[in-house]
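K.L.:
Residue numbers (my numbering), protein chains in the order written: chain A, 52 to 444; chain B, 98 to 197. Here it is: the structure, laid out below.
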């Protein structure tokens with residue numbers, strides 16, 4: 052039995068990092084993730100960890116420090132939000148392309164501009180194709196659990212890709228909820244030691260990140276793409292092991308009352324909790340509704356999602372990020388594409404919602420389920436690229 | 098894992114090193130980085146006092162030193178930046194348009 056606590060999402064990640072005790076933690080403060088390195092700096096000052104804490108001058112440097120520390124054979128971690136993640140952009144690709152298993156806690160916040168410090172997913176959604184594995188968390192418990200698992204996934208020899216674990220800024224990062232922590236020794240045993248096959252300090256003659264000519268670059272990118280495909284099984288295996296340890300089992304996504312659902316919402320992070328509450332309410336009235344909560348967005352569980360919603364009549368994919376593609380949000384386009392080969396496909400519509408901290412009460416979810424009712428009745432999707440919660444729309 | 102001396106263009110995606118790592122050093126010696134030079138330095142040996150002011154300024158390590166004496170430039174790697182010409186107090190280095 053674990054340790055019963057009550058923590059904010061940021062505290063939960065900080066505790067996870069304390070228990071992991073990485074070799075290097077490099078971070079720069081940015082709302083709403085600032086508290087995590089702040090708490091961690093206290094652990095360093097109090098001698099509770101023996102991590103080298105690098106108070107860098109920017110997020111570009113934070114990711115650079117993590118990349119180099121990992122290349123040297125250490126375990127490194129960082130934390131950021133929004134524009135901090137944007138400033139890491141160049142290095143995100145360097146980390147994944149050089150196959151360095153850095154772990155990053157993202158506390159999701161809207162990107163500028165105009166500047167906004169509140170929650171949406173425009174930061175991590177923009178990084179969805181940077182070669183990082185992305186895990187999303189509904190609450191503080193999942194932020195904690197996912198972070199601990201992320202090391203094992205990243206460092207697996209079949210993966211060797213960095214992992215970002217996301218949670219919603221303020222909504223879960225600052226809200227205090229009950230949580231069950233693992234004992235320190237159990238976390239220590241679960242994450243084990245990081246022993247890379249090669250590193251800059253191993254004594255061998257090695258160069259990392261050198262110029263990659265046209266004769267070799269493509270092969271390296273193919274390796275990287277294959278690693279992302281192969282990571283799916285590793286994620287499942289690590290999650291199973293974690294489930295056996297804690298009783299908390301995670302898959303690529305969670306199917307909530309999906310079995311006989313005729314209408315479904317696909318959503319990730321904290322809104323999944325709100326959606327489940329509405330789902331319960333509607334189920335009590337006999338309505339066949341369900342929720343599919345994405346946990347793993349990269350690698351994208353294409354076949355699995357298609358299978359999970361193949362029997363549904365109408366699906367709304369909710370994106371807390373615009374893609375400005377004029378064709379819908381990122382999760383929507385991926386889900387819709389995943390269903391193309393299905394013999395019978397559900398109607399799939401998109402809702403962009405909650406941008407820049409716009410509140411997402413149960414009414415929003417009720418509205419979406421009501422709209423899906425119309426899609427089912429008409430047996431056609433109508434406008435597929437929709438917004439909910441914008442005045443005048 | 099494959100050493101750079103064994104690398105060749107027949108290697109398939111699952112044979113090249115993960116992340117583009119290079120094992121076995123000295124690879125830059127093989128790369129001709131001197132081919133984008135516009136101006137070329139020349140060493141006038143009889144004027145040279147071997148004072149060693151030039152060689153530490155060379156960003157491409159293209160001024161070899163042996164037994165405390167400099168030798169002629171390594172033109173495979175010299176990019177013709179002219180810093181050595183600038184620091185030489187004895188006029189022992191010229192820096193002029195290269196005729197190829």
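We put the beta carbon where it would ideally sit given N, CA and C, even for glycine.
Mind checking whether residue 248(A) and residue 113(B) have CB atoms under 7 Å apart?
P.N.:
Translated into positions along the first chain, residue 248(A) becomes position 197. Translated into positions along the second chain, residue 113(B) becomes position 16. No, the Cβ-Cβ distance between residue 248(A) and residue 113(B) is not below 7 Å.
K.L.:
Taking the CB atoms as reference points, tell me whether residue 130(A) and residue 84(A) lie closer together than 7 Å.
P.N.:
The count along the first chain starts at 1 and reaches residue 130(A) at position 79. The count along the first chain starts at 1 and reaches residue 84(A) at position 33. Taking 7 Å as the Cβ cut-off, residue 130(A) and residue 84(A) qualify as a contacting pair.
K.L.:
When the cut-off is 7 Å and only beta carbons count, does residue 274(A) lie next to chain B?
P.N.:
Along the first chain, read from residue 1 onward, the residue named residue 274(A) stands at position 223. Judged by the 7 Å Cβ criterion, residue 274(A) is in contact with chain B.
K.L.:
Considering only the alpha carbon of each residue, which of 174(A), 396(A) and 169(A) lies closest to residue 135(A)?
P.N.:
Mapped onto the first chain, residue 135(A) falls at position 84. When each option's Cα is compared against that of residue 135(A), the closest is 174(A).
K.L.:
Measure the beta-carbon distance from residue 215(A) to residue 185(A) and round it to whole angstroms, keeping in mind my assumption that it falls under 8 Å.
P.N.:
Sequence index remark: in the first chain, residue 215(A) carries index 164 (1-based). Sequence index remark: in the first chain, residue 185(A) carries index 134 (1-based). The pair is a contact, with the Cβ atoms about 6 Å apart (cut-off 8 Å).
K.L.:
Grab me the residues of residue 230(A)'s own chain with a C-beta within less than 7 Å of its C-beta, minus the 5 sequence neighbours each way, in chain order.
P.N.:
On the first chain, position 179 is the one that residue 230(A) refers to. Counting only Cβ-Cβ distances below 7 Å, and skipping sequence neighbours, we find 56, 57, 58, 63, 191, 192 and 195.
K.L.:
Check distances from the C-beta atoms of the stretch 232-249 of chain A to those of chain B and list, in chain order, the residues that come in under 7 Å.
P.N.:
So the list reads 249, given in the order they occur along the chain.
K.L.:
Tell me whether residue 140(B) sits in a helix, a strand or coil according to DSSP, three-state version.
P.N.:
As a working mapping, residue 140(B) is identified with position 43 in the second chain. Note: residue 140(B) maps to strand in three-state DSSP.
K.L.:
Tell me the residue span of the alpha helix (DSSP H) that contains residue 192(B).
P.N.:
Counting from 1 along the second chain, the entry for residue 192(B) is found at position 95. Note, residue 192(B): premise wrong, no alpha helix (DSSP H); beta strand (DSSP E) at 190-194.
K.L.:
Determine contact between the stretch 328-338 of chain A and the stretch 355-363 of chain A, defined as no fewer than three beta-carbon pairs at a distance below 8 Å.
P.N.:
As far as the Cβ criterion goes, the stretch 328-338 of chain A does not touch the stretch 355-363 of chain A, which means the pair count is below three.
K.L.:
Where does the unbroken alpha helix (DSSP H) through residue 147(B) begin, and where does it stop?
P.N.:
In the second chain, the residue the question calls residue 147(B) occupies position 50. Here residue 147(B) belongs to no alpha helix (DSSP H), and DSSP marks it neither H nor E.
K.L.:
With DSSP run on the structure shown, which of helix, strand or coil describes residue 175(B)?
P.N.:
Position 78 of the second chain, counted from the first residue, corresponds to residue 175(B). Residue state, collapsed to three classes: coil.
K.L.:
Rounded to a whole number of angstroms, what is the C-alpha to C-alpha distance between residue 102(A) and residue 345(A)?
P.N.:
For the purposes of this step, residue 102(A) is taken as residue 51 along the first chain, with counting starting at 1. For the purposes of this step, residue 345(A) is taken as residue 294 along the first chain, with counting starting at 1. Roughly 33 Å separates the two Cα atoms.
K.L.:
Applying a beta-carbon distance threshold of less than 7 Å, which residues of chain A neighbour residue 113(B)?
P.N.:
Reading the second chain from its first residue, position 16 is the one you call residue 113(B). Within 7 Å Cβ-Cβ: 267, 270 and 271.
K.L.:
Quick check on the burial criterion: 16 or more other C-beta atoms within 10 angstroms. Buried or exposed for residue 391(A)?
P.N.:
Locating residue 391(A) in the first chain gives position 340, counting from the first residue. Exposed: under 16 other Cβ atoms inside 10 Å.
K.L.:
Around the C-beta of residue 240(A), are 16 or more other C-beta atoms found within 10 angstroms, so that it is buried, or is it exposed?
P.N.:
Stepping through the first chain from its first residue, residue 240(A) is reached at position 189. Exposed is the call here.
K.L.:
For a minimum of 3 consecutive residues, which ranges assigned as the beta strand (DSSP E) are wholly contained in the stretch 307-342 of chain A?
P.N.:
Counting whole runs of 3 or more residues, the stretch 307-342 of chain A contains the beta strand (DSSP E) stretches 314-319.
K.L.:
Please compile the residues from chain B whose C-beta is within a distance smaller than 8 Å of the C-beta of residue 211(A).
P.N.:
By one-based count along the first chain, residue 211(A) stands at place 160. Here the neighbours are 115 and 116.
K.L.:
CB residue 171(A) to CB residue 161(A), shorter than 7 Å?
P.N.:
Residue numbering aside, residue 171(A) sits at position 120 when the first chain is read from its first letter. Residue numbering aside, residue 161(A) sits at position 110 when the first chain is read from its first letter. In this structure, residue 161(A) lies closer than 7 Å to residue 171(A) by Cβ.
K.L.:
Less than 8 Å between the CB atoms is what I'm expecting for residue 341(A) and residue 308(A), so what's the real figure, rounded?
P.N.:
As a working mapping, residue 341(A) is identified with position 290 in the first chain. As a working mapping, residue 308(A) is identified with position 257 in the first chain. The Cβ separation is near 4 Å, so the contact holds.
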